[in-house]
Amino acid sequence: MRLQPFVRLLSVAGALLAGQHDVAASCSSWSTRFQQEIDGVCVCNATNCDSISTEYLSLSSSHVGLFQTSKAGDRLAYSALLIDKSSDDAADLIIDSKTTYQKIIGFGGAITDAAAINVYLMESNVQQLIIDAYFSDTGLQYSLGRIPIASTDFSEYVSSYNPSVDDFEMANFSIDVDKEPLSNKLSLIQRALNETSAGGRNLTLFASSWAPPVWMTTSNTTLNCEMKGYPGGEYWEALAQYYSKFIDAYEAEGVAIWGLTTQNEPTKQELATKFWQSLRTQI
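The sequence shown runs -25 to -1, 1 to 258 under mature numbering (1 follows the signal peptide of the UniProt record, and there is no 0).
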């Protein structure tokens, strides 16, 4: 049984997706802030906020990294455990580490309007603590990010980068909505990039669209919608221009887009009612 490479990979992945080591027992309690008795819950503030242990980066092949949170006070406390090499008759797994297929691009998350809105509700020094927790050398070291193209179900309202009806040439295209106080999405992305590059690392960004501008849809809505026309027709070509303009506009702001997904959740589920922006494609 050759499990060590695989188990170690899981431990590192778990560490990247988990997080922060234990802090002093005295912290800003949830009960104090919200007048509710919830034992073991702390509120991050400018003077006391968790930071991640990076000890998992030096794990030997004979150990796995463990992060533990408990009601007793563990705050994602880190420890290294020895891999149990005893045999288990119930399982027979063989991992050939010399045979590889797809390469993992990275680990990370989506940078949505909702994420940016909540970060920017914090004081400036707390904002930086949050960014550090995800992107810095002492944080999770996120290396991958997903950017929504225009609004999603994680936005305050429905918007697009070009609401001008039948503007097939995209003359009125603008990403200004991503710079507004009700979003600040672009600003958060730029700060994440700066934090990552400061550590000598890369943040790979890809983008996904939930829905096109409403005037491109058959039902004049972006909820569970379909595109007008046919692939290669004027509306589909306008959508291609829309995506191209988005990439160019973000690159002009110092944000390079590595790739695009075909669509966020493009397949309509039978009997499923969707109340958020969702373009359905059947190609």
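Glycine included, each C-beta is placed from N, C-alpha and C at the ideal position.
Just so it is clear, the structure is predicted and the values come from calculations on it, not from any experiment.
{"Query": "Three-state class that DSSP yields for TYR117 in the structure shown", "Result": "coil"}
{"Query": "Which of helix, strand or coil DSSP assigns to ALA52", "Result": "strand"}
{"Query": "Spatial distance of MET97 from SER111 (CA atoms)", "Result": "18 Å"}
{"Query": "Top-ranked residue by Cα proximity to ALA85, from GLN102, SER183, CYS24, TRP251", "Result": "SER183"}
{"Query": "Cβ-Cβ distance between ALA21 and VAL101 below 8 Å", "Result": "yes"}
{"Query": "Proximity winner among PHE129, SER62, ILE122, ASP67, relative to ASN93 (alpha-carbon distances)", "Result": "PHE129"}
{"Query": "Contacting residues, own chain, Cβ-Cβ under 7 Å from LEU(-17) (five flanking each side not counted)", "Result": "At LEU(-17), the pLDDT of 34 sits below 50, so the modelled position is not reliable; the number obtained from the coordinates is stated separately. For LEU(-17), where only same-chain residues beyond five positions count, there are no Cβ hits under 7 Å."}
{"Query": "Limits of the beta strand (DSSP E) - the one that THR179 falls within", "Result": "179 to 184"}
{"Query": "Rounded Cβ spacing between TYR225 and MET145 (contact assumed at less than 8 Å)", "Result": "Wrong, their Cβ atoms sit about 15 Å apart, outside the cutoff."}
{"Query": "Classification of SER253 by the beta-carbon crowding that lies within 10 angstroms, buried from 16 upward", "Result": "buried"}
{"Query": "Secondary structure of ILE80, DSSP reduced to three states", "Result": "coil"}
{"Query": "MET145 - DSSP class collapsed to helix/strand/coil", "Result": "coil"}
{"Query": "For GLN165, the first and last residue of its enclosing alpha helix (DSSP H)", "Result": "160 to 173"}
{"Query": "ALA47 classed as buried or exposed, judged by whether at least 16 other C-beta atoms fall within 10 angstroms", "Result": "exposed"}
{"Query": "Secondary structure of ALA85, DSSP reduced to three states", "Result": "strand"}
{"Query": "Buried/exposed call for ALA173, threshold 16 Cβ in 10 Å", "Result": "exposed"}
{"Query": "Identity of the residue in SER126, ILE70, PHE143, SER118 nearest GLY175 by Cα", "Result": "SER118"}
{"Query": "Rounded Cβ spacing between SER26 and THR113 (contact assumed at less than 8 Å)", "Result": "5 Å"}
{"Query": "C-beta atoms of LEU41 and LEU56 nearer than 8 Å", "Result": "yes"}
{"Query": "Proximity below 8 Å, CB of GLU201 to CB of ARG255", "Result": "yes"}
{"Query": "Delimiting residues of the alpha helix (DSSP H) encompassing GLN102", "Result": "99 to 110"}
{"Query": "LYS185 to LEU178 span [Cα, whole Å]", "Result": "The sequence shown places Trp at residue 185, not Lys. Taking the straight line from one Cα to the other gives about 22 Å."}
{"Query": "Unbroken alpha helix (DSSP H) run spanning PHE221, endpoints", "Result": "209 to 227"}
{"Query": "Which listed residue (VAL133, PRO123, TYR109) has its alpha carbon closest to that of SER28", "Result": "TYR109"}
{"Query": "Rounded straight-line distance, which links the Cα of LEU235 to that of THR192", "Result": "21 Å"}
{"Query": "Closest by C-alpha distance to LEU115, when choosing among PHE82, SER139, VAL133, GLN103", "Result": "PHE82"}
{"Query": "Local conformation of residue 306 per DSSP, three classes", "Result": "A question about residue 306 goes unanswered here, because the residues of the chain that appear run from -25 up to 258."}
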